[in-house]
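Enquirer: Residue 1330 in this note's numbering sits at position 58 of the sequence shown, with consecutive numbering throughout. Let me give you the structure first, and then I'll get to my questions.
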Amino acid sequence: MEIGLYDQQGILRFAGRDGADCRAYAELFALEEGSFSLESLRVGQGDANGLESPLPLKTMPRQASQPSAQQPA
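The structure is reproduced here in structure tokens:
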């Protein structure tokens, strides 16, 4: 089973064979407990607790940059 490590913004930062791989990644990069979550990457298969994978993830379009109200002198 593959496990993904997601940051607080929901971005996948690492995919490993199991939770131990992901925790080793978190330790290597000094990620604090609670600043990431581990989720199954198998779509349609439950995890060890019988929960369905959250994938596919809902995506949101990026907002266009707004031009500055001030003009350079």
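Just so it is clear, CB atoms sit at the ideal spot from N, CA and C, and this is done for glycine as well.
Which residue's Cα is closest to the Cα of M1273: G1282, R1289 and Y1297?
Expert: The shortest Cα separation from M1273 among G1282, R1289 and Y1297 belongs to R1289.
Enquirer: How is D1279 classed by DSSP in three states: helix, strand or coil?
Expert: Three-state DSSP puts D1279 in a strand.
Enquirer: Ends of the alpha helix (DSSP H) at E1299?
Expert: Per DSSP, E1299 belongs to the alpha helix (DSSP H) from G1291 to L1300.
Enquirer: For D1287 and S1312, what's the separation of their Cα atoms in angstroms?
Expert: Per the sequence shown, the amino acid found at residue 1287 is Ala instead of Asp. Near 9 Å, if we compare the C-alpha coordinates of S1312 and A1287.
Enquirer: What did DSSP end up calling R1314 once you bin it into helix, strand or coil?
Expert: Residue state, collapsed to three classes: coil.
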